[in-house]
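The numbering used here numbers the first residue of the sequence shown as 16 and each following residue consecutively.
Ideal Cβ placement from N, Cα and C applies to all residues, glycine included.
Keep in mind the model is a prediction, meaning the values are calculated, not measured.
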Amino acid sequence: MKDLLEKNRKIIGYLSGTKAFNKPDLTTQLSNTILIGTNADKKSKKRGKYTIRFIRQKNTITKENIPLLQILDSIRFINKIPDADINKSCERLRNIIQNLSDKEQEYLVKPAMKYNPATRALTGAILESILGESYVEALYNPLRGTTTFKLNISENILRNKHK
């Protein structure tokens, strides 16, 4: 599988989905489907008992930003994390982001801009609860004021969820 992640010592992809959710304890489930983030559109493949699916990553993939992209993917797919409670997942992601360095927390805004509106909104809400509103204005500005996202996250976990 390394050939799908590296080519000529250059990073071309990273593990996402259930494999990436296992690392930060978002789930303990295992899957026969491996999700790989890559800059190019690719068709699904079968390798032995595994199905390999690809998701398009609009951000440049580097060794340094893979952990941040995996966090953003976890936020993007928060409703699809197997055998996980969305409130516990959100709380766990908030703790993971809170434990990042200040530089990484602030940098997270830039790649989040290339994700879908729901991911930007939830990332913004999580970052705002940690850093304050001024750091996340760029994530909120492109969102329509009338747009809402139903994620069933408790206000006890994310107090600014209605923003």
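Checklist line | Residue range of the alpha helix (DSSP H) that includes Phe36 | finding: As a first step, residue 36 is located in the sequence shown; it is residue number 21 there, counting from the start. Unbroken alpha helix (DSSP H) run through Phe36: Gly32 to Asn37.
Note to self: Taking the alpha-carbon of Asn54 as reference, which of Asp100, Leu87, Ser46 and Leu20 has the nearest alpha-carbon?
What the structure shows: Taking the first residue of the sequence shown as 1, we reach residue 54 at position 39. Nearest of Asp100, Leu87, Ser46 and Leu20 to Asn54, Cα basis: Leu20.
Notebook entry, point to check: Taking all protein chains shown into account, do 16 or more other C-beta atoms lie within 10 angstroms of the C-beta of Leu45, making it buried, or fewer, making it exposed?
Noted result: Numbered from its first residue, the sequence shown carries residue 45 at position 30. Exposed, since its Cβ has fewer than 16 Cβ neighbours within 10 Å.
Next item on the list: With a 10 Å radius around its C-beta and 16 neighbouring C-beta atoms as the bar for buried, classify Tyr65 as buried or exposed.
Entry: Within the sequence shown, residue 65 is the residue found at index 50, counting from 1. Classification of Tyr65: exposed, given that the 10 Å Cβ count is below 16.
Note to self: Under 8 Å, with one C-beta from each stretch per pair, do the region 120–129 and the region 72–83 reach the 3-pair mark?
What the structure shows: With a cut-off of 8 Å, the region 72–83 and the region 120–129 count as touching, because enough Cβ pairs lie within range.
Next item on the list: Would you identify the three-state DSSP class for Ile81, choosing helix, strand or coil?
Entry: Along the sequence shown, one-based indexing puts residue 81 at 66. Reduced to three states, the DSSP call for Ile81 is helix.
Note to self: Suppose the cutoff is 6 Å on Cβ atoms and the five residues either side in sequence are ignored; what does the same chain contact list for Ile51 look like?
What the structure shows: Walking along the sequence shown from the start, residue 51 turns up at place 36. Contacts found: Leu19, Gly28 and Phe69.
Check: What are the boundary residues of the beta strand (DSSP E) that includes Leu50?
Finding: Taking the sequence shown and counting its residues from 1, one reaches residue 50 at position 35. Counting along the chain, Leu50 sits inside the beta strand (DSSP E) bounded by residues Thr48 to Thr53.
Check: Of the residues Ile93, Lys60 and Thr134, which one's Cα is nearest the Cα of Tyr155?
Finding: Within the sequence shown, the letter at position 140 stands for residue 155. When the alpha-carbon of Tyr155 is set against those of Ile93, Lys60 and Thr134, the nearest one is in Thr134.
Item checked: Residue nearest to Phe36 in terms of C-alpha spacing, selected from Asn23, Ile90, Arg71 and Glu143 -> As a first step, residue 36 is located in the sequence shown; it is residue number 21 there, counting from the start. Closest by alpha carbon: Ile90.
Next item on the list: Whole angstroms is fine: what's the gap from Ile96's alpha carbon to Ser116's?
Entry: Your numbering for residue 96 matches position 81 in the sequence shown. Your numbering for residue 116 matches position 101 in the sequence shown. Ile96 and Ser116: Cα-Cα distance of roughly 25 Å.
Next item on the list: Name the residue from Lys118, Tyr122 and Ala140 whose alpha carbon lies nearest to the alpha carbon of Cys105.
Entry: Looking up residue 105 in the sequence shown gives position 90. Closest in alpha carbon position to Cys105, among Lys118, Tyr122 and Ala140, is Ala140.
Checklist line | Ile67: first and last residue of the uninterrupted alpha helix (DSSP H) it sits in | finding: Locating residue 67 in the sequence shown gives position 52, counting from the first residue. Looking at the DSSP string, Ile67 is not in any alpha helix (DSSP H); the run it does join, the beta strand (DSSP E), is Tyr65 to Arg71.
Note to self: For Glu143 and Gly63, what's the separation of their Cα atoms in angstroms?
What the structure shows: Locating residue 143 in the sequence shown gives position 128, where the first residue counts as 1. Locating residue 63 in the sequence shown gives position 48, where the first residue counts as 1. Looking at the two C-alpha atoms, the distance is approximately 43 Å.
Note to self: Measuring only the C-alpha atoms, how far is Ala153 from Leu41?
What the structure shows: Reading the sequence shown from its first residue, position 138 is the one you call residue 153. Reading the sequence shown from its first residue, position 26 is the one you call residue 41. Straight-line Cα distance between these residues: approximately 27 Å.
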